[in-house]
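A quick write-up on the structure given underneath.
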Amino acid sequence: MTRKKRSQRLKPVQKLAGQGEKDASRALGQSQQALAEQEARLEQLRSYREEYRQMFEGKDRAVDPRRLRDERAFLARLDEVIRQQEGVVQSNMAEFEDKREGWIEARSRVNALDRAAERYRSGEQREQDKREQRDQDELAGRRSQD
């Protein structure tokens, strides 16, 4: 049984690392999409709040106190929802950064394994070239002795 070359033995490891990098890339994309959706929702809430604020301020201010209290309570509830959504966005941002770092690490592993495999292949090729040269030299030596 012939022994596998180092570059060949590394292939399964490279394949696993490549799959890990693809998985990390997919998770990063999903995280980025979730972050974008939550940021859009936050912007929508802020816009909604601004519209209501302008609407309430633009009204004739001869409003009864109960209605004024209700408007303020409504804006306060909107402010609370906005604060909660800001927390969701921050959480998604942290998750996105974690996924990005995971992808960078996975990509670095793939690159390192690719470089190692290339070094092995180059070394194996040099050894093969040396063997062929030695064989040719021996053959030429035998021919000159005949």
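Going by UniProt numbering, the first residue of the sequence shown is number 1, and it counts up by one from there.
Glycine included, each C-beta is placed from N, C-alpha and C at the ideal position.
All values derive from a computational prediction rather than experimental measurement.
Three-state secondary structure (DSSP) of residue i
i: Asp-129; result: helix
i: Leu-10; result: coil
i: Arg-115; result: helix
i: Lys-4; result: coil
i: Asp-98; result: helix
i: Asp-64; result: coil
Residue i Cβ short of 6 Å to the ligand ZN heavy atom set
i: Ala-36; result: The ligand ZN is absent from the structure shown, which contains no ligands of any kind.
Span separating the alpha-carbon of residue i from that of residue j
i: Asp-137; j: Leu-113; result: 36 Å
i: Ser-31; j: Val-110; result: 22 Å
i: Ala-106; j: Gln-128; result: 33 Å
i: Ala-116; j: Gln-44; result: 50 Å
i: Tyr-120; j: Pro-12; result: 15 Å
i: Gly-58; j: Glu-50; result: 12 Å
i: Phe-96; j: Gln-14; result: 26 Å
i: Tyr-48; j: Ala-34; result: 21 Å
i: Gln-125; j: Gln-19; result: 28 Å
i: Met-1; j: Leu-10; result: Note on Met-1: pLDDT 47, under 50, position unreliable in the model; no value is reported.
i: Ile-104; j: Glu-21; result: 8 Å
i: Ser-122; j: Asp-135; result: 20 Å
i: Ser-108; j: Glu-132; result: 36 Å
i: Arg-77; j: Asp-98; result: 32 Å
i: Met-93; j: Pro-65; result: 41 Å
i: Phe-56; j: Glu-37; result: 29 Å
Contact belief for residue i with residue j at Cβ below 8 Å, rounded distance in angstroms
i: Ile-82; j: Arg-46; result: 6 Å
i: Val-89; j: Leu-42; result: 5 Å
i: Arg-100; j: Leu-28; result: 6 Å
i: Ala-24; j: Gly-87; result: Not confirmed; about 26 Å, so no contact.
Discussion item. List, from N- to C-terminal side, the alpha helix (DSSP H) runs of 4 residues or more that fit wholly inside the region 31-62.
Written reply: Those alpha helix (DSSP H) runs which fall completely within the region 31-62 and span 4+ residues do not exist here.
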